[in-house]
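The sequence shown begins at 1 in the UniProt record's numbering and counts up one residue at a time.
Where a beta carbon is used, it is the ideal one built from N, C-alpha and C, also for glycine.
Keep in mind that this is a model prediction, so the values were computed, not measured.
Here is the structure we will look at, set down as structure tokens.
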Amino acid sequence: EPPQPEVAPRERPSKGLDPRGAMEMNGERVDMEGTKRKVQNELAAAALQDLFQKITDKCYDKCVVKPGAKLDNNDQTCLAKCMDRYLDAMTVVSQTMAARSQQVSSME
Numbered sequence: 001e002p003p004q005p006e007v008a009p010r011e012r013p014s015k016g017l018d019p020r021g022a023m024e025m026n027g028e029r030v031d032m033e034g035t036k037r038k039v040q041n042e043l044a045a046a047a048l049q050d051l052f053q054k055i056t057d058k059c060y061d062k063c064v065v066k067p068g069a070k071l072d073n074n075d076q077t078c079l080a081k082c083m084d085r086y087l088d089a090m091t092v093v094s095q096t097m098a099a100r101s102q103q104v105s106s107m108e
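So this is what it looks like as structure tokens:
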């Protein structure tokens, strides 16, 4: 077997994050924390939009018995109350989750 040529080990590029969470990639500064926050905000907005669509669909199915060109007063009242109940429930759940999260972080 012929001797194999010696290959120098590849150096891994350092992940040069600066204190602000930015790094250089292909000669451009990339704000990793800012990008992460932006993606998280976009995901949260999409999830919220999806949630409101589901609530709207559920309330419409529950309240609108005979779809037509206009909603009658009973349909409008039912839809308003249905949406209010969902929003109240979301508020209670989010407040409870925030309180529990705060309790857990205070124990650490």
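- Here the C-alpha atom of residue 99 lies approximately 10 angstroms from the C-alpha atom of residue 105.
- Residue 72 carries a coil assignment under DSSP once its states are collapsed to helix, strand and coil.
- Taking C-beta atoms under 8 angstroms as the contact rule, residue 71 and residue 64 qualify, at a distance of about 7 angstroms.
- Contact between the stretch 29 to 40 and the stretch 72 to 86 is not established, with fewer than three Cβ pairs separated by less than 8 angstroms.
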